[in-house]
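Data first, discussion second: the structure below is written as structure tokens.
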Amino acid sequence: MLRTILATALLGLLPLSAAELKVAVLHPLLADIARQVGGESVEVVDLIGPNGDPHHFEPKPDDLKNADGATLYLVAGMGLEGYLPKLKAIIKDKATLVEVGATLPALEGACEHEHHDHGHDHSHEIDPHWWHSIDLFRRATGVVTEALASADPGQADSFRKNSEIYRKQLDDLERWTKREVAKIPRDERHLATAHAAFNYFCKDFGFTAHPVQGLNREQMPDPKELASLVDTLKKEQVVAIFPERESNPKILKTLTNDTGIRLGDPLIADGTGVKSYQEMVRHNVTAIVKGLGK
């Protein structure tokens, strides 16, 4: 009898909300927000995984099985997830799906680029890599917070308190980034990258973007475009080209051979392979400042 009473008492001490809200997330950085804001009250299922590619991910039956019971889906939006119509058809009215990027101001593909006589015009494509703006990521945190609060009103106050703490951390991250970037003279802020993933970063911190590939890694430059890019990099005296952890090094090797420009440390474009958003930003900024330093 005593054991039963003790067991019941202990169960009463456990947080009732621990498994009340299950959230399926289709971008690793959104998973970070959900964990930061939701804390122990939310079960976060990251369908992409630590080594997935948000550009090419397609949910498989096993993935959706892992998400079974989720009442909220979070996606990056802005056209990143080509499979989204199929996913919406699968979940129907069983869960709420929030396209976080749809609530944020978007850049078009050629924004802040040095224009390289491209034969293929991608200038009017929406750039889905909004998370490289710390300001937009902070706004996205607010969007996710309210989505969680709507899904579990009983935990709304807790979510909002956690969100406030996290957004202050993002404020600190933004201040740190500005201090680091200030080490690079404004006329030397040229960011040559494997693909056009860093437009939002360039806009926020005063860089000119020189992407080798387009908004996704299938948009390869033709010989004329590549020659134009080589000319631009030489003209602007760009000192480093930054690969990405997921990029094909062959084309970048060609560029470095043709220009004599060194390769910088690999950047992280889509948030995979890191534990948190802050880790990604600090890694990228440190690599950029190091690579562009004299």
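So for the sequence shown, our numbering puts the first residue at 735; every next one is plus one. Glycine is no exception: its CB is placed at the ideal position from the N, C-alpha and C atoms.
Do you know offhand how far residue i's Cα is from residue j's?
| i | j | result |
| --- | --- | --- |
| G816 | H789 | 8 Å |
| V1008 | G813 | 23 Å |
| A961 | V946 | 11 Å |
| A765 | K799 | 18 Å |
| A881 | V759 | 12 Å |
| L907 | S1010 | 12 Å |
| T990 | E833 | 38 Å |
| E754 | A801 | 14 Å |
| T988 | R996 | 11 Å |
| E859 | Q770 | 31 Å |
| A890 | L806 | 15 Å |
| R873 | E792 | 27 Å |
| P762 | I782 | 7 Å |
| K1024 | P919 | 13 Å |
| E922 | V1019 | 15 Å |
| A829 | R909 | 37 Å |
| Q821 | K968 | A quick correction: the sequence has Leu, not Gln, at residue 821. Going from the Cα of L821 to the Cα of K968 covers about 45 Å. |
| V878 | Q1012 | 17 Å |
Check whether the Cβ atoms of residue i and residue j lie closer than 8 Å to each other.
| i | j | result |
| --- | --- | --- |
| W865 | G1005 | yes |
| D863 | N785 | Looking at the sequence provided, one finds His at residue 863 rather than Asp. No, the pair does not count as a contact, with Cβ atoms beyond the cut-off. |
| S867 | F941 | no |
| L841 | V809 | no |
| H924 | V972 | yes |
| I1002 | M1014 | yes |
| A926 | F976 | yes |
| H682 | T911 | Past the edges of the chain, shown from 735 to 1028, lies residue 682, and the structure says nothing about it. |
| V776 | A804 | no |
| L986 | A928 | yes |
| D938 | D869 | yes |
| A974 | L904 | no |
In or out: residue i buried (at least 16 other Cβ within 10 Å) or exposed?
| i | result |
| --- | --- |
| L740 | Low per-residue confidence applies at L740: pLDDT is 39, beneath 50, and the placement is therefore not dependable, though the value from the model is reported in the following sentence. Counting Cβ neighbours within 10 Å, L740 comes out exposed, since fewer than 16 surround it. |
| P983 | exposed |
| E980 | buried |
| D796 | exposed |
| A930 | buried |
| A768 | buried |
| S1090 | Nothing about residue 1090 can be reported from this structure: the residues present for the chain run from 735 to 1028 only. |
| D861 | buried |
| A885 | buried |
| G888 | exposed |
| A916 | exposed |
DSSP three-state label for residue i, please.
| i | result |
| --- | --- |
| D780 | strand |
| P819 | helix |
| T805 | coil |
| A883 | helix |
| H852 | Its pLDDT being 43, under 50, H852 is placed unreliably by the model, and nothing is read from it. |
| T993 | helix |
| H847 | Reliability fails at H847, whose pLDDT of 47 lies under 50, so the model's placement of it is uncertain and no value is given. |
| P945 | strand |
| P749 | Any reading at P749 needs caution, since the residue's pLDDT is 44, under 50, leaving its predicted position unreliable; the model's value is listed next. Three-state DSSP puts P749 in coil, outside helix and strand. |
| E754 | coil |
| L986 | helix |
| L764 | helix |
| E842 | strand |
| L1001 | strand |
| E970 | coil |
| E774 | helix |
| F791 | coil |
| K826 | coil |
| A874 | helix |
The alpha helix (DSSP H) with residue i in it runs from where to where?
| i | result |
| --- | --- |
| H863 | Element bounds for H863: n/a, residue is neither H nor E. |
| A974 | Segment A974 to F976 is the beta strand (DSSP E) holding A974; no alpha helix (DSSP H) there. |
| V1015 | Y1011 to L1026 |
| E898 | A890 to V915 |
| P795 | P795 to N800 |
| F939 | N933 to F939 |
For chain C, check one thing: does any of its Cβ atoms lie closer than 8 Å to the Cβ of residue i?
| i | result |
| --- | --- |
| L967 | Looking at the structure shown, chain C is missing, and only one protein chain is on hand. |
Which residues mark the beginning and the end of the beta strand (DSSP E) in which residue i is found?
| i | result |
| --- | --- |
| E833 | T830 to E833 |
| T927 | H924 to H929 |
| L760 | Premise fails: L760 is in no beta strand (DSSP E) and is neither H nor E. |
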